[in-house]
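What follows is one structure encoded as structure tokens, with my remarks underneath.
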Amino acid sequence: MNEEILKAVDEIADEMIEGIKRIVRIDSVESEAVNDAPFGEGVRHALDETLQLSRDLGFETVDVDHYIGYARYGKSEDYVCACGHLDVVPVGEGWKHPPFSAYEEDGVIYSRGILDNKGPILSCLYALTALKRLGIKPEREVRIIFGCDEESGFEDLKYYLDHEKAPIAGFTPDCKYPVVYAERGRAVIKVKADLDHLITFMNKYILNTQNKGERLGIDYKNDEFGQLEIRNYHLTKEDFSFSISYPAGITLEEILDQLNRIEGYEYEVVSHFKPVYFDKKAPMVEIMKETYEYVTGNDGTPVTTTGGTYAKMMPHIVPFGPSFPGQKGIGHNPNEWMTREDLITNAKIYALTLYQLSRKETEL
Numbered sequence: 127m128n129e130e131i132l133k134a135v136d137e138i139a140d141e142m143i144e145g146i147k148r149i150v151r152i153d154s155v156e157s158e159a160v161n162d163a164p165f166g167e168g169v170r171h172a173l174d175e176t177l178q179l180s181r182d183l184g185f186e187t188v189d190v191d192h193y194i195g196y197a198r199y200g201k202s203e204d205y206v207c208a209c210g211h212l213d214v215v216p217v218g219e220g221w222k223h224p225p226f227s228a229y230e231e232d233g234v235i236y237s238r239g240i241l242d243n244k245g246p247i248l249s250c251l252y253a254l255t256a257l258k259r260l261g262i263k264p265e266r267e268v269r270i271i272f273g274c275d276e277e278s279g280f281e282d283l284k285y286y287l288d289h290e291k292a293p294i295a296g297f298t299p300d301c302k303y304p305v306v307y308a309e310r311g312r313a314v315i316k317v318k319a320d321l322d323h324l325i326t327f328m329n330k331y332i333l334n335t336q337n338k339g340e341r342l343g344i345d346y347k348n349d350e351f352g353q354l355e356i357r358n359y360h361l362t363k364e365d366f367s368f369s370i371s372y373p374a375g376i377t378l379e380e381i382l383d384q385l386n387r388i389e390g391y392e393y394e395v396v397s398h399f400k401p402v403y404f405d406k407k408a409p410m411v412e413i414m415k416e417t418y419e420y421v422t423g424n425d426g427t428p429v430t431t432t433g434g435t436y437a438k439m440m441p442h443i444v445p446f447g448p449s450f451p452g453q454k455g456i457g458h459n460p461n462e463w464m465t466r467e468d469l470i471t472n473a474k475i476y477a478l479t480l481y482q483l484s485r486k487e488t489e490l
């Protein structure tokens, strides 16, 4: 069956590329909420068009009050999913081609969102299309979920989980290969005091350090994740803020206990996401390791990431693709790109993965 599925993806490859370009050409940078567009008209347009594309491909769709939507195949009490996003970051300067043109040259497609994240999540949609055209009927419902607020705050997923049950397994195609079994936690801390004390705090505990939190008493590392890091610090007249990227093995409570030992300051947690951690031998992780190895022939040993994805909020999913080893610094930059070949390879990996996840005989 594996080879039949790969062949089915090849047969729809050109159709897939055109479908991806159709959605990538939409400017879906988040903007002011209006009427029935909670993340702005551009994002709403991208969601509408993506759900229409899904219907054109023969899938039932659900629009969850324009916060988020999904295509579904099969029906069951529980479901598995691929969860990506349609919103994109601002384009900035320095583009060789119009940033929403989906310009293709020598097999490379340039456009904002082609990698982050329209191209990969639409590759998942076409992966499911390949299964459907083979006549494969999933025993577990499969959803391709199209988020609309990944770049700005995850309000889309919060809304989704308030109105829909969580998946029992799945992935977000918004990181890297091989399969990622763990993500660092991330907390944004605001320090409050008068300006002189804030400057003292910044100079004494943050500046002229190695950003490891050693002067704050939170210098922590482990073999899997590496070193805790202090990032993105910012001083105003009212407060000083910074973010902490921290490994599993230390908790936010332990971090705050250490901070509170520094007297004369108040600390506010502005936002917090716990680390994501799955056993490397978990059945879902093993499936993704094996499908990646089968399609690419490369080592699929699971890895960790310092980044943050929908896996921080959506239960039971892990980051999986779309970038291959060595591909860095593409998303969020001018001339964002993805090759036609990589989009097709992604679709093959995702088709095999969704097929395995959707089988009831597959342990999850």
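Note that the sequence shown covers residues 127 to 490 in the numbering used here. Cβ atoms here follow ideal geometry from the backbone N, Cα and C, with glycine treated the same way. In this text, all values refer to a predicted model and were calculated from it rather than measured experimentally.
Cutoff 6 angstroms; reference residue i; Cβ partners in own chain excluding five residues on either side
i, result
"D242", "G457"
"D345", "K338, G339"
"D322", "none"
"K302", "S449"
"S367", "K316, H360"
"V314", "S369, V396, S397"
"S154", "G168, V169, A172, L212, D213, V214"
"P293", "Y205, V206, C207, H442"
Close beta carbons around residue i, own chain, < 8 angstroms, minus the five adjacent residues each side
i, result
"I240", "I146, V150, A228, E462, W463, M464"
"E514", "Residue 514 lies beyond the stretch modelled for the chain, which goes from 127 to 490, so this question has no answer here."
"K415", "P304, V305, G426, T427, P428"
"G434", "E309, R310, R312, F399"
"E175", "R148, I149, I152"
"F327", "V317, A319, F366, I388, Y391"
"Y196", "T187, V188, V190, C207, R269, I270, I271, F272"
First and last residue of the uninterrupted alpha helix (DSSP H) at residue i
i, result
"I247", "244-259"
"R148", "139-150"
"M414", "409-422"
"E230", "Not the alpha helix (DSSP H): E230 falls in the beta strand (DSSP E), residues 229-231."
"F327", "321-327"
"Y286", "281-289"
"A187", "Checking the sequence, you will find Thr at residue 187 rather than Ala. Here T187 belongs to no alpha helix (DSSP H); instead the beta strand (DSSP E) covers 186-190."
Beta-carbon contacts of residue i that lie in its chain and below 7 angstroms, excluding the five residues immediately before and after
i, result
"Y252", "I138, M142, G145, A473"
Residue range of the unbroken beta strand (DSSP E) whose run includes residue i
i, result
"G311", "311-318"
"L361", "355-361"
"H398", "392-399"
"R198", "194-199"
"T431", "429-431"
"K456", "What sits at residue 456 in the sequence shown is Ile, not Lys. No beta strand (DSSP E) contains I456, which DSSP labels as neither H nor E."
Nearest candidate by alpha-carbon position, reference residue i, set the options
i, options, result
"L490", "E467, G423, A295, I470", "A295"
"G352", "H360, L342, A408, T431", "T431"
"K318", "N386, V135, G195", "N386"
"W221", "N459, L480, E467, R466", "N459"
"P299", "Y418, Q384, D425", "Y418"
"P264", "Y205, G455, L283", "Y205"
"I332", "I356, C274, R466", "I356"
"E350", "E231, T362, P373, G279", "P373"
"E468", "L212, I413, D365, D136", "Residue 468 is actually Asp in this sequence, not Glu. Ranking the options by Cα distance to D468, first place goes to D136."
"T471", "G423, I443, S484", "G423"
"F272", "G343, D153, Y193, N329", "Y193"
"L260", "E129, K363, V155, F165", "E129"
"Y476", "E487, P451, Y420, M440", "Y420"
"S371", "E231, Y285, E156, L354", "L354"
"C207", "P225, L179, R269", "R269"
"R466", "M127, V155, P224, G233", "G233"
"I131", "E281, K486, K258", "K258"
"L177", "G218, R238, I262, C274", "C274"
"S484", "H223, E267, N334, K133", "E267"
"E412", "T488, D383, N358, E379", "T488"
"Q384", "S278, N348, C250, G343", "G343"
Per-residue burial, residue i [other beta carbons within 10 Å of its own, 16 or more giving buried]
i, result
"P491", "The first residue shown for the chain is 127 and the last is 490, placing residue 491 beyond what the model contains."
"S397", "exposed"
"V395", "exposed"
"H360", "exposed"
"Q336", "exposed"
"R181", "exposed"
"Q482", "buried"
"T479", "buried"
"T255", "buried"
"T377", "exposed"
"Y393", "exposed"
"E186", "exposed"
"K438", "buried"
"E156", "buried"
"M440", "buried"
"D282", "buried"
Neighbour flag for residue i against chain D, beta carbons, 8 angstroms
i, result
"I376", "Given the protein chain composition of this structure (a single chain), no chain D is represented."
Stretch pair the region 155-162 + the region 200-212: three plus CB contacts closer than 8 angstroms: no
Is the region 207-218 in contact with the region 166-185, if contact means three or more CB pairs nearer than 8 angstroms? yes
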